[in-house]
Amino acid sequence: MLELSGVSASYGSVPAIHDVSITIGEGEAVGLLGANGAGKSTTLRAISSLVKMTSGRIRFAGVDLSTLPPHRIPELGIAHVPEGRQVFPEMTVQENLEIGSYVPRAKAERRRTLELVYGIFPRLADRKKQLAGTMSGGEQQMLAVGRGLMLKPRLLMLDEPSLGLAPVMTDVTFEKIGEIHKMGTAILLVEQNVSRALSLVQRAYVLESGNVIMHGTSAELANNKQVQAAYLGI
-10 MLELSGVSAS YGSVPAIHDV SITIGEGEAV GLLGANGAGK STTLRAISSL VKMTSGRIRF
50 AGVDLSTLPP HRIPELGIAH VPEGRQVFPE MTVQENLEIG SYVPRAKAER RRTLELVYGI
110 FPRLADRKKQ LAGTMSGGEQ QMLAVGRGLM LKPRLLMLDE PSLGLAPVMT DVTFEKIGEI
170 HKMGTAILLV EQNVSRALSL VQRAYVLESG NVIMHGTSAE LANNKQVQAA YLGI
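Going left to right, the sequence shown walks through residues -10 to 223 as our numbering numbers them.
Have a look at this one:
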């Protein structure tokens, strides 16, 4: 469904990722692992056309994304939940969610999708009229993921969903991501909590200094001594 072939990208003159090649199948859950600055977020931003590629190709469901502007990417069914949640603090929970369904395909089913999101995140239903900026970090993360779901995506890209959350909220967040994946939505997960990420995804790629240095199933990576030493504290 999604294929990155030899993708490189830079911020100005500073290289960020180099020759990155990854694939994600329909309905698959795939992880991007690595330390801070490894290029994980940049890879997501390249898919969303938020950072310009310097070489390579990105295709989604047969469509070449390489020359598309950012606003065209969600129309194809790719939802990007950025690091740091980035909800609209002066808008209510429901208003934040409704913004997520702005593309025509999603807008036509907004009411039905809203019911689905409230079913997955009952706390959002309880607080639909509350200003997003007054919610806890964990609740805002639920809202950010729910807003992504309002797009009715074929691929949901999540950038560090557990960042800054208490352990109990991390558990809830991963449980909900698992539910979303079981519904048939493909997941591309960027996450520094490697053990939790490997418990959720089927395969993962490890990035280091902007390069893919390793790829395998979750079990293979969890049992890899290099991964254990670098990310699992073993």
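We put the CB at the ideal spot given by N, CA and C, even for glycine.
Assumed close pair residue i, residue j - CB separation to whole angstroms, cut-off 8 Å
{"i": "LEU(-9)", "j": "LEU144", "result": "6 Å"}
{"i": "LYS171", "j": "ILE109", "result": "At roughly 11 Å, the Cβ-Cβ gap does not stay under 8 Å, so LYS171 and ILE109 are not in contact."}
Residue j beta carbon less than 8 Å from that of residue i
{"i": "THR81", "j": "LEU138", "result": "no"}
{"i": "MET146", "j": "LEU177", "result": "yes"}
{"i": "VAL92", "j": "LEU132", "result": "no"}
{"i": "GLN130", "j": "THR162", "result": "yes"}
{"i": "ARG46", "j": "SER55", "result": "yes"}
{"i": "SER151", "j": "GLU180", "result": "yes"}
{"i": "GLU72", "j": "SER30", "result": "yes"}
{"i": "ILE6", "j": "GLY28", "result": "yes"}
Cβ-based burial, residue i [other Cβ within 10 Å; buried from 16]
{"i": "HIS69", "result": "buried"}
{"i": "ARG100", "result": "exposed"}
{"i": "VAL52", "result": "exposed"}
{"i": "ILE232", "result": "This structure cannot settle anything about residue 232, because the visible part of the chain is limited to -10 through 223."}
{"i": "PRO142", "result": "buried"}
{"i": "ARG34", "result": "buried"}
{"i": "GLU79", "result": "exposed"}
Nearest residue (CA-CA) to residue i, options the options
{"i": "ASN182", "options": "LYS171, HIS170 and VAL195", "result": "VAL195"}
{"i": "GLU149", "options": "HIS7, ALA(-2), GLY14 and ALA24", "result": "ALA24"}
{"i": "SER225", "options": "THR32, PRO59, GLN191 and GLN75", "result": "One cannot answer for residue 225 here, as it falls past the ends of the chain, which runs -10 to 223."}
{"i": "PRO285", "options": "ALA50, PRO78 and SER37", "result": "The displayed coordinates of the chain run from -10 to 223. Any statement about residue 285 would go beyond what the structure contains."}
{"i": "SER90", "options": "GLY127, VAL134, ALA155 and PRO111", "result": "VAL134"}
{"i": "ILE13", "options": "SER(-3), ALA50 and ILE6", "result": "ALA50"}
{"i": "VAL201", "options": "TYR0, GLY20 and VAL3", "result": "GLY20"}
{"i": "GLU17", "options": "LYS96, THR206 and VAL76", "result": "THR206"}
Residue-level contact to chain D via CB, residue i, 8 Å cutoff
{"i": "ARG46", "result": "No chain D appears in the structure shown, which is made up of a single protein chain."}
Segment contact, 8 Å Cβ cut-off, at least three pairs: the region 108 to 121 with the region 22 to 41: no
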